[in-house]
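First up is the structure itself, then whatever we jot down about it.
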Amino acid sequence: MNKGPTTNNGRKPGAREAAMDVLTRIEQDQAYSNLLLNQTLQKLKLERQDAALATELVYGTIQRLNTIDYFLGRFAAKGLTRLQPWVRSLLRLSFYQIRYLDRIPPHAAVNEAVDLAKRRGHQGVAGLVNGILRNVLREADRLEVPENLPEVSRIALEESHPEWLVGRWLNRYGPDTARAMCQADNRPPKSSIRVNRLRGTREDLAARLAGAGMQTEPSLLSPAGLILTSGGSAGASPLFAAGEFSIQDESSMLVALTLAPEPGMRVLDCCAAPGGKTAHMAELMDGRGEIIACDIHEHKEQLIREQANRLSLRNIRTAAADARQLGSRYPEASFDRILLDAPCTGLGVIRRKPDLKWVKQEMEIAQVAQVQRSILQAVHPLLKPGGILIYSTCTMEPEENGEQIRRFLEETPGYALEAFPKGLLPEGWAEEAGKSGMLQLLPHHFDSDGFFIARLRKIAVN
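This is the structure:
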């Protein structure tokens with residue numbers, strides 16, 4: 001269990017030291033950045049401004065990691081890999097401040113780094129840090145990615161993404177779209193929420209939030225969504241605790257709307273945790289009927305239950321179960337709707353989890369696609385004739401998305417793609433989903449998560 005950062009003399013670390021410790025733990029222990037950072041901030045109880053800076057430094061440094069190391073490597077005589085991990089983290093976050101944060105004077109960033117090196121190390125380490133960062137300052141205007149690099153390498157360094165991923169996007173979409181996708185990944189994620197329609201309308205919620213000092217604007221992508229533009233954390237609002245809304249990305253909000261469950265139906269949510277889509281479906285059903293929400297992990301099943309309780313949704317039943325085994329648990333043709341929000345590589349949510357792009361490997365795409373295929377084959381018999389099955393992922397890779405669905409249709413008689421419900425999508429996108437029954441959102445389309453949704457109907461047999 002993470003105990004958070006400590007110092008030799010028991011002094012509470014500031015923002016930069018906290019960020020350095022988190023970055024070091026992420027590298028050494030392969031810890032998840034969002035979980036470790038949240039644990040650290042909760043333990044330290046930093047002032048709001050310091051917590052914001054620590055968050056910016058951790059996520060920003062991870063986001064730009066390959067670019068930072070590319071340039072820093074010019075100034076570390078023996079290479080970055082020879083340095084102690086905490087020193088490497090300190091240099092990285094300091095370089096990030098110098099190159100990417102306009103609000104922090106570069107010399108101040110260097111001085112803070114040197115002071116921190118003295119406290120954590122010794123005079124020799126402080127001198128090394130000072131020398132490297134002073135050289136960075138002197139060369140700052142000349143630190144550019146060479147124009148003569150291959151296109152894939154140049155985009156990977158300029159937009160801070162792994163070459164294998166840039167190469168895939170270049171081959172599929174071309175340089176302009178590949179670069180736009182990378183740039184979108186590097187922008188801070190919007191804070192979006194979904195109104196609990198059983199408690200009121202989106203307009204009602206916006207007014208109540210405004211009364212509490214939180215400004216919003218309507219989502220262009222989801223009719224249930226609001227974007228928080230100022231006023232603090234949505235999760236800290238009493239209205240959140242009271243079940244007036246859920247925190248959910250705009251793309252993800254489309255899934256339940258595409259499934260279109262009706263009051264009284266029986267719905268299976270195969271891989272439901274943490275329960276955002278489950279709750280949305282329950283709200284669309286006016287709390288009537290039944291949703292069986294499954295997850296393979298018991299602790300994640302508890303997350304679904306907590307969501308349901310907070311939102312006062314009584315038509316959700318949870319189960320800890322492997323989705324590949326659901327066929328032995330429930331009778332065939334026993335559900336009106338099935339949602340398979342499939343396990344995936346998650347490459348559509350890099351802006352929220354920047355470490356994903358450095359830890360994922362290309363070979364994992366084929367591996368996870370095989371898992372997806374086995375779940376699809378296991379759950380589709382549970383759908384009633386005439387029922388709807390939604391398959392969704394938060395990635396953009398064809399093997400996990402369109403190719404997966406096309407293969408399923410070739411191998412599985414009795415299913416067909418069906419147009420999305422009318423009026424659901426913005427103009428232009430509705431036509432695409434209407435023709436194909438599939439929708440692929442890229443991260444730069446609406447500055448939301450990259451997401452894929454396919455709508456399948458099980459054809460009734462006379």
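Heads up, the sequence shown is in our numbering, so the first residue is 1 and it goes up one at a time.
Beta carbons are placed, not taken as given, at the ideal position from N, Cα and C, and that holds for glycine.
- Ranked by how close their Cα comes to the Cα of glutamate 283, the residues Gly243, Asp115, Tyr391 have Gly243 in first place.
- Here the alpha carbons of alanine 109 and isoleucine 98 stand approximately 7 Å from one another.
- Under the DSSP assignment, lysine 422 falls outside any beta strand (DSSP E); it carries neither an H nor an E label.
- Cβ contact annotation for glutamate 418 (same chain, cutoff 8 Å, sequence separation greater than five): Ile388, Gly437, Arg455, Leu456, Arg457, in chain order.
- Approximately 5 Å separates the beta-carbon atoms of glutamate 250 and serine 192; this is inside 8 Å, confirming the contact.
- 9 Å or more divides the Cβ of arginine 199 from the Cβ of alanine 224.
- Residue environment: aspartate 295 is assigned as buried (16 or more neighbouring CB atoms within 10 Å of its CB, all protein chains considered).
- Under a 10 Å Cβ-count criterion, histidine 280 is classified as buried, with 16 or more other Cβ atoms of the shown protein chains found around its own Cβ.
- One thing to note: isoleucine 304 has its Cβ within 9 Å of the Cβ of glycine 275.
- Assigned with DSSP and collapsed to three states, methionine 438 falls in strand.
- Within the model, the alpha-carbon separation for cysteine 182 versus glutamate 332 is close to 43 Å.
- DSSP lists Lys458 as the bridge partner or partners of tyrosine 415.
- A residue is called buried when at least 16 other Cβ atoms come within 10 angstroms of its Cβ; aspartate 355 meets this threshold and is buried.
- For lysine 384, the secondary structure class from DSSP, reduced to helix, strand or coil, is strand.
- Straight-line spacing of the CA atoms in valine 145 and serine 153 works out to 9 Å.
- When the beta-carbon positions are compared, arginine 314 and glycine 287 come within less than 9 Å of each other.
- Looking at Ala19, Glu151, Arg172, the one whose alpha-carbon comes closest to that of glutamate 163 is Glu151.
- At least 9 Å separates the beta-carbon of arginine 373 from that of phenylalanine 335.
- Counting the other Cβ atoms within 10 Å of the Cβ of glycine 428 gives fewer than 16, which makes it exposed.
- Short of 8 Å from the beta carbon of leucine 41, and not among the five residues preceding or following it, lie these beta carbons of its own chain, in chain order: Ala18, Ala51, Ala54, Thr55.
- Per DSSP, valine 195 is one residue of the beta strand (DSSP E) stretching across 191 to 195.
- As a beta-bridge residue in DSSP terms, isoleucine 291 pairs with Val267, Ile316.
- Boundaries around leucine 37 are those of the alpha helix (DSSP H), 33 to 44, since no beta strand (DSSP E) includes it.
- Per DSSP, glutamate 159 lies in no alpha helix (DSSP H) segment and is marked neither H nor E.
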